[in-house]
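Trainee: Have a look at the structure that comes next, please.
In my numbering, the protein residues as written are 15 to 152.
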């Protein structure tokens with residue numbers, strides 16, 4: 015029994031499959047490599063951005079701490095000349111760009127730039143303030 019020869023259509027189909035399989039495998043490998051490179055690049059960019067933001071936040075916090083330390087050395091603060099201290103703190107607020115509250119260690123607010131001078135100020139000593147007082151750190 016003899017086998018019938020394959021038709022031209024069959025030979026062409028085998029030829030196309032023979033050429034397409036390596037091309038599809040190569041394209042898949044290229045996509046996988048590109049994806050790995052892109053994911054790594056995104057991670058690297060995200061890490062760089064987070065470091066940059068961290069530096070900016072630390073700089074802002076440091077500036078606020080320095081401003082608070084400067085205000086704490088004011089003669090107006092030591093002498094409890096609150097109207098003049100309030101005026102000085104309002105000027106400092108312009109540089110800092112944030113509200114300023116000055117408290118006694120008991121938690122009684124002396125100056126609060128959110129409120130006009132002369133407004134009755136509350137007593138508040140949150141846990142974070144207690145820890146800062148205990149550690150003697152700003």
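All residues carry an ideal CB built from backbone N, CA and C; glycine is no exception.
1) Just checking my contact of residue 127 with residue 118 at CB under 8 Å: how many whole Å lie between their CB atoms?
2) Give the straight-line distance between the Cα atoms of residue 132 and residue 66, rounded to the nearest whole angstrom.
3) To the nearest angstrom, how far is it from the Cα of residue 109 to the Cα of residue 80?
4) Apply the 10 Å Cβ neighbour rule to residue 61 and answer buried if 16 or more other Cβ atoms are within range, or exposed otherwise.
5) Whole angstroms are fine: how far does the CA of residue 52 sit from the CA of residue 28?
6) Using a Cβ-Cβ cut-off of 8 Å, state whether residue 133 counts as contacting chain C.
7) What do you get for residue 99, buried or exposed, if any count of 16 or more other CB atoms within 10 angstroms of its CB means buried?
8) Buried or exposed: which applies to residue 35, given that a residue is buried once 16 or more other Cβ atoms fall within 10 Å of its Cβ?
9) Considering just the uninterrupted stretch of the beta strand (DSSP E) at residue 117, what are its terminal residues?
10) Considering Cα atoms alone, identify which of 107, 87, 143, 116 is closest to residue 135.
11) For residue 38, count the other beta carbons within 10 Å of its own beta carbon; 16 or more makes it buried, fewer makes it exposed. Which is it?
12) Using the Cβ count rule (16 or more neighbours within 10 Å means buried), how would you classify residue 125?
13) Looking only at its chain, what residues have a beta carbon closer than 7 Å to the beta carbon of residue 97, apart from the 5 residues adjacent to it on each side?
Mentor: Here's the rundown:
1) Looking up residue 127 in the chain shown gives position 113. Looking up residue 118 in the chain shown gives position 104. Contact flag wrong, Cβ pair sits at about 17 Å.
2) Position 118 of the chain shown holds residue 132. Position 52 of the chain shown holds residue 66. C-alpha separation (whole angstroms): 41 Å.
3) Translated into the one-based positions of the chain shown, residue 109 becomes position 95. Translated into the one-based positions of the chain shown, residue 80 becomes position 66. Their Cα atoms are separated by approximately 12 Å.
4) Taking the chain shown and counting its residues from 1, one reaches residue 61 at position 47. Exposed, because fewer than 16 other Cβ atoms sit within 10 Å of the Cβ of residue 61.
5) Position 14 of the chain shown, counted from the start, is the residue given in the question as residue 28. Position 38 of the chain shown, counted from the start, is the residue given in the question as residue 52. If you take the alpha carbons of residue 28 and residue 52, they lie about 36 Å apart.
6) Looking at the structure shown, chain C is missing, and only one protein chain is on hand.
7) On the chain shown, residue 99 is found 85 positions in, with the first residue counted as 1. By the Cβ neighbour-count rule, residue 99 is buried, with 16 or more other Cβ atoms within 10 Å of its own.
8) On the chain shown, residue 35 is found 21 positions in, with the first residue counted as 1. Flag for residue 35 reads exposed.
9) Indexing the chain shown from 1 puts residue 117 at position 103. Here the beta strand (DSSP E) through residue 117 covers 115-117.
10) Within the chain shown, residue 135 is the residue found at index 121, counting from 1. Nearest option by C-alpha distance: 116.
11) Reading the chain shown from its first residue, position 24 is the one you call residue 38. The residue in question, residue 38, is exposed, as its Cβ has fewer than 16 Cβ neighbours within 10 Å.
12) Here residue 125 refers to the residue found at position 111 when the chain shown is read from its first residue. Looking at its Cβ environment, which holds 16 or more other Cβ atoms inside 10 Å, residue 125 is buried.
13) For the purposes of this step, residue 97 is identified with residue 83 of the chain shown, where counting begins at 1. In the same chain as residue 97, and ignoring 5 residues on each side of it, the C-beta atoms closer than 7 Å to its own belong to 131, in chain order.
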